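Presented below is the structure to which this report refers.
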Amino acid sequence: MGVSGEAPLFSSLGKLLSIILVNQQFSGYHNKMWHRKLIIALTLCLVVASAVLAQQQKWDELTQQAIKLYREGKYAEATRVAEQALNLSQKTFGPDSVEVASSLKGLALLHMRQGKYIEAESLLKRSLAIYEKKLGPDDSEVAETLNYLAMPYRLQGKYSEAERLHKRSLAIRERKLGPDHPEVATVLSYLAVLYDSQGKYSEAEPLYRRSLEIREKVLGPQHPDVGRSLNDLAMLYKKIGKAEEASQLEKRAKKIKSQSGSR
Numbered sequence: 018m019g020v021s022g023e024a025p026l027f028s029s030l031g032k033l034l035s036i037i038l039v040n041q042q043f044s045g046y047h048n049k050m051w052h053r054k055l056i057i058a059l060t061l062c063l064v065v066a067s068a069v070l071a072q073q074q075k076w077d078e079l080t081q082q083a084i085k086l087y088r089e090g091k092y093a094e095a096t097r098v099a100e101q102a103l104n105l106s107q108k109t110f111g112p113d114s115v116e117v118a119s120s121l122k123g124l125a126l127l128h129m130r131q132g133k134y135i136e137a138e139s140l141l142k143r144s145l146a147i148y149e150k151k152l153g154p155d156d157s158e159v160a161e162t163l164n165y166l167a168m169p170y171r172l173q174g175k176y177s178e179a180e181r182l183h184k185r186s187l188a189i190r191e192r193k194l195g196p197d198h199p200e201v202a203t204v205l206s207y208l209a210v211l212y213d214s215q216g217k218y219s220e221a222e223p224l225y226r227r228s229l230e231i232r233e234k235v236l237g238p239q240h241p242d243v244g245r246s247l248n249d250l251a252m253l254y255k256k257i258g259k260a261e262e263a264s265q266l267e268k269r270a271k272k273i274k275s276q277s278g279s280r
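So the mapping is simple: our numbering equals the position in the sequence shown, first residue as 1, plus 17.
The structure is reproduced here in structure tokens:
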């Protein structure tokens, strides 16, 4: 999660400065004066690049620290660190950088975990706008952020907005990755959960099934994600009275879990 191309730029400036210093020994007076000015300018560039690199490393450290705290369930502490990372990214990379978009997304997920759905929605909207502006409307980061933004919408009962976002994400994934990619299966599951939570079981079932089929085909029948799809479909079948089918799916899921050690 660094500044793209910064390290090569830093190296190139250093090489260029070395070349100029060597050539200066064989130049006339006027060329030497011009070289000195150029050396000063390049030296300033190197100083600035070095400072930005240091800030980038600090941002990376804060981001990783927030992720660690999140995984430990220390959400309040993780939020404070994530806010520091966001502030640093805005000062270092600019308010419309992809680093800021990434920090906004991370902070939003922490708010969502703590039930602060309105705050999460606001942050994710900002993140999405930056990604769309910087990377284009069909980028993978846009597709991912669309799914994240759909979550607080769903949890607030804004089902139509959530559906629109998931469907747009699905269209991007299918167009960019093809219809049988695991990322497509993930979005299908998100959309199925949305319908499931509204009691739209007839709409959720084919999506769960398609997600399962993709995962079995691409990842293999014993993959942990296949187990998760089996459990999702089993829970749906229980709701609609298909107890026998649900039991069979649950048995398969338990077998996968025992063999893979997945949680």
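Here a beta-carbon is modelled for each residue, glycine too, at the ideal position from N, C-alpha and C.
All figures in this text were calculated on a predicted structure; none of them were measured in a lab.
DSSP, reduced to helix, strand and coil, places Glu180 within a helical segment of the structure shown. Counting C-beta pairs with one atom in each stretch, the region 190–208 and the region 160–178 have three or more that are closer than 8 angstroms, which means they touch. Contact between Ser246 and Leu229 holds, since their C-beta atoms are separated by about 4 angstroms, short of 8 angstroms. With contacts defined as CB atoms closer than 9 angstroms, Ala125 and Leu105 fail to qualify as a contacting pair.
It is roughly 42 angstroms from the alpha-carbon of Gln239 to the alpha-carbon of Asp113. Taken atom to atom, the span from the alpha-carbon of Glu220 to that of Ser144 is near 30 angstroms. Note on geometry: alpha-carbon atoms of Lys150 and Gln74 lie some 25 angstroms from one another. Residue environment analysis places Ala160 among the buried positions, since at least 16 neighbouring C-beta atoms fall within 10 angstroms of its C-beta.
Considering only Glu200, Lys217 and Arg192, the residue with the shortest C-alpha distance to Glu180 is Lys217. Taking 4 residues as the minimum length, the alpha helix (DSSP H) runs contained wholly in the region 178–226 are 199–214, in order along the chain.
Put simply, the backbone Cα of Ser119 is about 18 angstroms away from that of Ile135.
Contact between Gly123 and Ala83 holds, since their C-beta atoms are separated by about 6 angstroms, short of 8 angstroms. For Pro169, the uninterrupted alpha helix (DSSP H) segment begins and ends at Ser157 to Leu172. Taking Ala251 as the centre and dropping the five residues before and after it, the same chain places the C-beta of Ala263, Leu266 and Glu267 closer than 6 angstroms to its C-beta, in chain order.
Spatial neighbours of Ser186 in its own chain (CB-CB distance under 7 angstroms, excluding positions within 5 residues in sequence) are listed in chain order as Ala160, Leu163, Asn164 and Val204.
Non-local C-beta neighbours of Gly244 in its own chain, meaning closer than 7 angstroms and more than five positions away in sequence, comprise Ala270, Ile273, Lys274 and Ser279, ordered along the chain.
Between the alpha carbons of Ile231 and Lys108 lies a gap of roughly 43 angstroms. Taking 4 residues as the shortest admissible run, the region 76–139 contains the following complete alpha helix (DSSP H) segments, listed from N- to C-terminal end: 92–110 and 115–130. The residues Leu86, Leu127, Arg130 and Gln131, in chain order, have a CB closer than 8 angstroms to that of Tyr92 in the same chain once the five nearest residues on each side in sequence are set aside. Between Glu261 and Asp197, the alpha-carbon positions lie close to 28 angstroms from each other. With distances taken between CA atoms, Lys175 lies nearest to Tyr212 out of Tyr212, Leu152, Arg226 and Asp156. Boundaries of the alpha helix (DSSP H) around Ile273: Ala260 to Ser277.
Here Glu138 is not near Leu182, since their CB atoms are 9 angstroms or more apart. Membership of Pro241 in the alpha helix (DSSP H) is indicated by the continuous run Pro241 to Lys256.
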